[in-house]
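K.L.:
As you go down the protein sequences, you meet chains A, B, C and D in turn.
Note that my numbering gives residue 146 to position 146 of the first sequence, counting from 1, and the numbers run on in steps of one.
Note that my numbering gives residue 1062 to position 62 of the second sequence, counting from 1, and the numbers run on in steps of one.
Note that my numbering gives residue 2074 to position 74 of the third sequence, counting from 1, and the numbers run on in steps of one.
Note that my numbering gives residue 3206 to position 206 of the fourth sequence, counting from 1, and the numbers run on in steps of one.
We put the CB at the ideal spot given by N, CA and C, even for glycine.
Small disclaimer: the values here were computed from a predicted structure and weren't measured.
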Amino acid sequence: MRLTVNGQPVETNAPPGQLLIDLLRADLGLTGTKEACSVGVCGACTVLLDGRMVASCLALAAQAEGADVVTVEGLADDERLDPIQEAFLERGGLQCGICTPGQLVAARSLLNANPAPSEDDAKRWMMGNLCRCTGYYQILEAIAAASQGEA
Amino acid sequence: MIFEHTIAVDAPSEAVAHFLADIPKVAACVPGVEDVTALGGDEYEGRLRVRLGPVSFSLTGQAEVQSDADGTLRARGGGRDRRIGAGVDATIEARVEPLGPGDSEVRVTADVQFSGRLAELGQPLIRRKADAMVRDFARNMRAAFSDS
Amino acid sequence: MADYVEIGMPTPRVDGVAKVTGAARYVADQPIPGALSGALVHSTRSHARIVEIDTAEARALPGVHAVITGEDVGHYLYGRMIKDIPVLARGVVRYSGERVAAVAAETEEIARHAADLIEVTYEELPAVLDLDAALAPDAPVLHPDLNSYPGMRPLDEPSNAYRWTVDNRGDLDAGFAEADIIVEGVYETQRHHQAYLEPHASVVSFEDGRAHVWTNTKAPQNIRDDLAATVGISRDEIVLHHSHIGGDFGGKGTPMDLAVCYFLAQAAGRPVRMVADYIEEFMAGMPRHSTRTRLRTGVMRDGTIRAHHVQFFVNSGAYAGYKPAGVIGGAPRAAGPYHIPNTRIEAVHVYTNIVPGGHMRAPGSPQAVFALESHLDEVAGRLGMDPFEFRMRNLIDDGEETAWGQHFEHVRVKETLEAAADAAGYAEPRAPLVGRGIAIGDHGSGGGIGNAEVALEPGGRVVLGTAIFDQGSGTHTTLQQVVAEELRAPLHRIELQVWDTDGTVDDSGIGGSRASRVNTNVAYQAAQDARRKLVQLVAERLGEPEAAITLDGDEIRVEGREEVLRWPELLVEWEERVVGRAYIEDREPVRVTGFVAQVAEVEVDPETGELRVLGLTTAHDVGRVLNPVGHQGQINGGVVQGLGYALMEELAIEDGRVTTLSFGDYKIPTSFDIPELRTVLLESEDGVGPYAIKGIGETPNVPVAAAIANAVADAVGVRIADLPLTSEKVYRALADEASRSSRADAPESTE
Amino acid sequence: MLHDFTFHRPGTLPEALALLDEHGYDARPFAGGTALVVLMKQSLALPEHLVSLDGIEGMSEIRLDGEALHIGALVRHRDVETSPLVREAAPLLAETYGRVATVRIRNMATVGGGLAHADPAQDPPAALIALGASVRAVSSRGARTIAVEDLFFDYYESALEPDEIIESVAVPRPAPDARSVYLKFLPRTEDDYATVAVAAVGEVDDGVCTDVRVALIAAAPTPVRATEVERTLTGQPVTAEAIREAAEAVRDHVDPLDDFRGSADYKREMAVVFTRRALERTLLAEDA
C-alpha cells in the first residue's frame, strides 16, 4: 500500500491489524505522534489525514491508503518552524510536551479551517486535545497569537 | 458481586423441587447455556454465551451441581473465554419456598467473581444483564412447567 | 534590588524546539533494537490467597520469551520509605489491580494475549474496602507482618492503622471549655489521579555487564537505588538514561513496573519494554489519597478561635510504599496559618484493600485545606460573620506561629488574602444564585540534594550539566537562565547536558517544590565556581594576582592593562576548558512558604444542581519570579487540576475495584471547561536561595475545591462536604434543604 | 497492532453485502472505525473479517429530495454538522451531529456506523427520532426501511441483522414553522457523554400545539421517544403549566442506568427538567 507522509511517498506492507499510529511510530520512526489514552479521547495521537484531523490510535493504517498524512514532524518547513510552533514556544503553550504534537496538529488544522477563530471557536475545536500541564490558557493564547500573525 | 433474585412460580413447591432436581432440564432453562455434558458424579461441563453491551462472551467451563429433594440446588463452578480473556467464577444457591397451595417462589443467591475483561465492565451493566438473565430463566422455567 | 539580565525575563523552554517538532524522545520512543514487550496480569480480587498460578498455556504461546510470577522475583519488598510492596504478589493479593504475573513476548499483542491466558486460582479473604471497615475492631489485618517491613515504625500490635500520630499544643480541653461556640464537621475527599498524559513506561537492556534503564522518573538517582535494592544488585550495576517525561504531578517518583521489567529482561535474555496503558494507570497507578477529616473548633463570639481538633484519616490503600515518607503530610494544613492557641492534630494512615495512594501535587494539602477552609466558613456562618472578616481576624501576622506550631519567615498571608479579595471584587453585590467563596493554602519548598556542573568551553560554549530530568515544570529552563545570568552570557550559548545516573552518585531530583530552593541554588553555585576557576586560570596564565582580574560577561580585564581579553578566545588559545561544579545537601526544615488565596465565583442552577465557575482569582505570595511564562503556566495548570478535583474527577471504586478505566469515564477538564482566571502576584525580596524565590508548582491546586465549595454555599446555602462537588450532590442537598424547610413550615396548619 | 483479520475492500455495495453474507457472524462492516477499533483494541470484539465500506460509491452524499434529506451512511458526522444543506433544511440535525464527542472523532465517525453501534448515549438518534427519520437497511436478501425509533432494542443492540448494513438515512424536512432544540446536559466536561439529552421538534398554531415530537438519549437502554409527552400536548393550548405537567410523563419513558454521569434517580429527574426546558424552547419560544 502507498501513502504520503509529510510530503514523502511511503510504501508499506502494513498487516490489516496495524493501526496508523503504529505505522507512523514503529515502521516510519515518526515518534513525535504520541499514544496516551488509546481510545480516541485525549488527542495526543492527532494527525492530519487528507487535511482533516483524526485520531491515529483509532485509525487502521489501511484507512490511510492513498492518503496524505501530516504529523507533527511535518509542520515545520525544513528548519523554519510553523507559526503555530513558534507561538507555542513563545507563549508557553507547552510544558511536559507529551500532548504538544497533537495540540499543534489540531491547532494547525483549526487555523487552516478558520484563520481567525474566536476564543470560543478555539476552545471548542481544541477540547478534544487534553492537556494536564497548562490548563489550556497559554495554548489558547498561542493560537490567538498565531492567528493574528497569519491573518 | 452478590446477586439475589426471587422468582415466583405458580406451581406447588414439591413440583418445583422436583424440577430443580433435574439438572439438565434446569440447565436448559438458563439463557445462553449450550452443550452441557455430564461428566459423572455431580460434575458437568458446558458453555455459556452471554452478550453484554457490544461484546459477546463465550465462557466454557465446569460446574459441580447438587440438588436435594427438599428443593435446594447448589452449583459451584467457573468458565473462561480464552479468546477475549475473561472469566467468571460463581457459587449459586436456589431454594424453593412454598407460598400457597399452588404457588411457590425460588430464591436465588449468587456470588459471582469476574475476571479479565469482564471485570473491567461496569457493575450496573452487569447487574442489568443478570436481571435480564434471571427474567429469561424464570420465563423458560415457567414454560417448562406448562409443557410438562 | 539586583539588576538582572535573564532572571525575571519571559523565557521560552530550553527543550521547546525538540518538543514542538516531535524530536524529543520519551521512554516509549527510545529505539531499543530487539526489545521484547512486557505485559502484566493484574489481580481481580481485593483480598485473596493465591492458590495457584497456571502459566503453562502462556508459556506455550509462540513468541513468548518469559513468564514470571512472585516466585521468580526474589524476596525483596520495595517502597520509598516503608518497604511493603512486592514486585509481583506473593501468596496473597491485597487489591484489585495488584500485579500478579508478567510476560515478555515478541510483540505487545502476543504479550497481552499470553497474560490473558495465565490462570490464577484465588481463595477469597475478607476484604476491608473503606476506612470504617479497616478500622473496625474485628477487621482483618492486611499486613500481619508489618513490623518486619523496613522503614515501618513498629506497632505494639499489627493494625490497619499503621501510623497514628498526635500533636498537642496548648491545652485543648481548656480551649474548648472557654469557647462560646463549638462547631464540628466531617469532610471527605476522593481518590484523584495525576492524569499526566504519558503513562508509566520502562525499558531494561543488559549490556557490558550492566543494566541500562529508561523509565519516566523525576528522581533518577533514587529510582536507580530503589531498583538496585529491589532486585538485589549494587547500584553501580545500573545506569538510568535520560528521557523526556510526559508529566508527573507527583506520580513519577517510584519504580512502578521497572523491577518487573528488569526481571523479565533477565529471564528472557533480551531487552524488554513495558508501556502501561491507561486502564492500568487508573486501576493500578498511585493516585492522590482519599481522606476523611473530622474537625472540631471552639470560637469566641468575637470570632477568635480558641481550640481546634483535627483528625485526619488517610485511606492509604493496600500499600504505604508509594509515599516518600510512608505517610503524607496535610494534617497540619487542616489547622492552617491561623492563630490558635490550643490544638490537637491527629493523623491516621490506614491500610485498605484498594489501589494504594501515592504522591500528588502538594501531598495531603488539597484534602486538608478542603476540610479546613470549608469548615471555617461553617464556623463563620454560625458566628454570623463574613468568611473574609473571620479569616482576617484569625490569620497569623509575620512573626507568629501557625496553628501547627511552625514559624515561617516573612509571613504575608493576610496581604495575599486581601489582594485576592480585591481583585475578585469579593465584596461587590452578587446576582441571585451567584456566590463567592474564598480559601487559603500554602506550601513550602522542600530540601534535598542537588548537583550541577558549568563548563566553559573554548570558543565560548557553556555546557550546563544537571542530574535533573525535567518532568515538564520547566526546571531546565530556569537552570539555563541562572547560568546565563551569572555568566552574563546569552541564553542560546548555554547548552544543557542532562546526565544519566553515572553523572553523579546522589541527587534528589524534582519534587516537593525543591527546584526553587535546591536546584537554582546549585546551578548558581556551579556558575560561581566556574567564574572563580576561570579567574584562577587567567591569573595563573598571565602571572597576575587573582584580585587584579575582573570578569564581565565574556570580557576579562586585568588591572593595569589596557587590553580587554575574552575568555572564549583565551580558552581556544590555551586549549583549556574550565569546569565549575557544585553539590548541595540542604536538609534544613522549611523556613519560607508561599501563600495562596483564591476567590471562586460560581453560579448554581437550582433545578439541576449544575454549577458553573464564572471566575477564579488566585493570589500568590511569590518572592521573585524567575520566568514569568513558566511561572504563569504552573499557576494555570495547577488551578485547572484543582478545578477537576473540585468538580468532576474521581477514581470511582465499586466492590474495591476501580471502574473509571479510561479518559472517557474519568473526565478531566478540557479547553472548553476552564473558567476566567485572574492571577495576582505579590512579588517580594523574601524568598529562598540567591534570587529570593518561592515554589509555585504545588500551591495553585490546593485551595480550589474549598473556594468553590464555599462559593456554592454562598450562592444557594448548601454545604457539600465531600468531593467532587457534582451537580447531583448539589441537587440532592438543595432537595433535602427544601424538604426540611417545608417540614418546618408545615406544623402550623396541623395545629 | 490489533488481532489478525482479513480486510476486505469491496468496490460496490453488492460485493460488500455478499462478503457479509458469506462470513456471517465472523464479519463486521467497517466504516469510520471509532467504536469498533476501541473494542478490537481491548479484545472485546475479534471479527475475522472486516468489510470496509469506504470505497463504495454513492453512500457519501447528502441530498435534498422532495421533502426529505437523504444522508448516505458513509457521510462523516462533521459533514452533517457543516453541510449548508442540512443547516438549511434541518438545523436541529446539524446542531446535534455537532455535539458528538470532538471534531477529531466527528471527522472519522460515519452516520451509518454511529447508528449501527446503537450506543444509547450517542446524540444523533435524539434528533433523528424527533424529526421522524428512518434508515434504509440493505442486505443481499433485499432492502427494508426501519424508523430510527424502532432501530434499537437494547444496549448496543440494533435491529440490524449481521449481514445487513445501513445504506442511508432519510430525514423528513420539518415544517417551515416548526421549532426545534437539542439540549444536552453535561455537568462534567464538554466532551463527555450526556447525563441526559433531549431533542424536541414542535409546531404551534394560534397558541395550540399542532405537532410535537420528543426524544431522549442516555436515559434508557436505547434512545427513547416520549410518546406520552407528545400525546398530552398535541392539540392542546400551550401554557407553561401544560408543558410542566406533560414533561412529568417522561418519567415513564426513561429507564436510566447508574453511572459516573449520575445515578438513575437523578437522571430520571433531569430527564423531566430537560424535557420541560426543551418543550419551553420549542413551544413557548415566542413568548419567552
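#1: Between the C-alpha atoms of C/His2620 and A/Ile21, what's the straight-line distance to the nearest angstrom?
#2: What is the rounded straight-line gap between the Cα of B/Ala1144 and the Cα of B/Cys1029?
#3: Pull up the distance between the alpha-carbon of C/Glu2751 and that of C/Arg2732, whole angstroms please.
#4: Can you list, in chain order, the residues of its chain whose CB lies under 8 Å from that of D/Ala3194, leaving out five sequence neighbours each side?
#5: Please state whether DSSP places B/Gln1066 in a helix, a strand or coil.
#6: In chain C, which residues lie less than 9 Å from B/Arg1082 when you measure between Cβ atoms?
#7: What are the partner residues of A/Met53, as DSSP defines its beta bridges?
#8: Please name the residue in C/Tyr2076, C/Tyr2095, C/Asp2116 whose C-alpha comes closest to that of C/Leu2061.
#9: Buried or exposed for D/Gly3142, please, with buried defined as at least 16 other CB atoms from any protein chain shown within 10 angstroms of its CB.
#10: Are there 16 or more other CB atoms within 10 angstroms of the CB of C/Ala2427, so buried, or fewer, so exposed?
#11: Based on Cα-Cα distance, which residue from C/Glu2281, C/Thr2352, C/Val2411 lies nearest to C/Tyr2338?
#12: Does A/Ala151 get closer than 8 Å to chain D when you measure Cβ to Cβ?
#13: Do the CB positions of C/Leu2723 and C/Thr2230 come within less than 8 Å of each other?
#14: How is C/Glu2428 classed by DSSP in three states: helix, strand or coil?
#15: Could you confirm whether any beta carbon from chain C is found closer than 8 Å to the beta carbon of A/Leu19?
#16: By a C-beta neighbour count over all protein chains shown, 10 Å radius and 16 as the cutoff for buried, is C/Ser2234 buried or exposed?
#17: Kindly list, in the order they appear in chain D, the residues whose Cβ is closer than 9 Å to that of B/Leu1125.
#18: Would C/Val2020 count as contacting chain A if we go by Cβ distances under 8 Å?
#19: Anything in the stretch 3188-3204 of chain D with a Cβ closer than 7 Å to a Cβ of chain C? List those residues in chain order, please.
#20: On the DSSP letters alone, give me the boundaries of the beta strand (DSSP E) that C/Met2274 sits inside.
#21: Would you report the Cα separation of C/Gly2232 and C/Gly2247, rounded to the nearest angstrom?
#22: Who are B/Thr1091's beta bridge partners in DSSP?
#23: Return helix, strand or coil for C/Val2572, following the three-state DSSP convention.
#24: Taking 8 Å as the cut-off, decide whether the C-beta atoms of C/Pro2356 and C/Met2274 are in contact.
#25: Residues of chain C with CB closer than 9 Å to the CB of B/Gly1120, please, in chain order.
#26: List, in order along the chain, the chain B residues whose C-beta lies closer than 8 Å to that of C/Glu2654?
#27: Are the stretch 2162-2181 of chain C and the stretch 2298-2315 of chain C in contact at 8 Å, needing three or more beta carbon pairs?
#28: Just the chain C side, please: which residues come within less than 9 Å of B/Gly1085 by C-beta, in chain order?
#29: Compute the beta-carbon to beta-carbon distance between C/Asn1989 and C/Leu2479, rounded to the nearest angstrom, for a pair I have assumed lies under 8 Å.
#30: Against chain C, does B/Ser1056 count as a neighbour if the rule is that its beta carbon must be under 8 Å from one of theirs?
#31: Give the DSSP-derived three-state secondary structure of D/His3049 in the structure shown.
#32: If we cut at 8 Å on Cβ distances, does B/Gly1040 have a partner in chain D?
#33: In chain order, what residues of the same chain have a beta carbon less than 6 Å from the beta carbon of C/Gly2358, not counting five sequence neighbours either side?
#34: Among C/Val2213, C/Gln2266, C/Ala2111, whose alpha-carbon lies nearest the alpha-carbon of C/Pro2255?
#35: Give the single residue among D/Arg3188, D/Gly3072, D/Pro3047, D/Val3250 whose Cα lies nearest to the Cα of D/Gly3024.
#36: Please classify C/His2113 as buried or exposed, where buried requires at least 16 other C-beta atoms within 10 Å of its C-beta.
P.N.:
Here's the rundown:
#1: 42 Å
#2: 8 Å
#3: Only weak support is given to the placement of C/Glu2751: the predicted model assigns it a pLDDT of 37, under 50, and the value that follows is read from those uncertain coordinates. Approximately 30 Å between the Cα atoms of the pair.
#4: Ala3121, Asp3123, Lys3184, Phe3185, Leu3186, Ile3217, Ala3218, Arg3261
#5: strand
#6: Glu2057, Asp2116, Leu2117
#7: Bridge partners of A/Met53: A/Leu48.
#8: C/Asp2116
#9: exposed
#10: C/Ala2427 is exposed by the Cβ-count criterion.
#11: The alpha carbon of C/Tyr2338 has as its nearest neighbour, out of C/Glu2281, C/Thr2352, C/Val2411, the alpha carbon of C/Val2411.
#12: Any reading at A/Ala151 is ruled out, since the residue's pLDDT is 42, under 50, leaving its predicted position unreliable.
#13: no
#14: coil
#15: no
#16: Under a 10 Å Cβ-count criterion, C/Ser2234 is classified as exposed, with fewer than 16 other Cβ atoms of the shown protein chains found around its own Cβ.
#17: Tyr3155, Leu3257, Asp3259
#18: yes
#19: Arg3188, Thr3189, Glu3190, Asp3191, Asp3192
#20: Unbroken beta strand (DSSP E) run through C/Met2274: 2272-2275.
#21: 29 Å
#22: B/Arg1076, B/Asp1111
#23: helix
#24: no
#25: Just to set this straight, residue 1120 of chain B is Glu in the shown sequence, not Gly. By Cβ distance, chain C contributes Ile2279, Met2283, Arg2657, Thr2659, Leu2661.
#26: Gly1122, Gln1123
#27: yes
#28: Arg2112, His2113, Ala2115, Asp2116, Leu2117
#29: Past the boundaries of the shown model lies residue 1989 of chain C; chain C is included only from 2001 to 2751, so the question cannot be answered.
#30: no
#31: strand
#32: no
#33: Result list for C/Gly2358: Met2286, Tyr2322, in chain order.
#34: Residue nearest to C/Pro2255 within the set C/Val2213, C/Gln2266, C/Ala2111 is C/Val2213 (criterion: CA-CA distance).
#35: D/Pro3047
#36: buried
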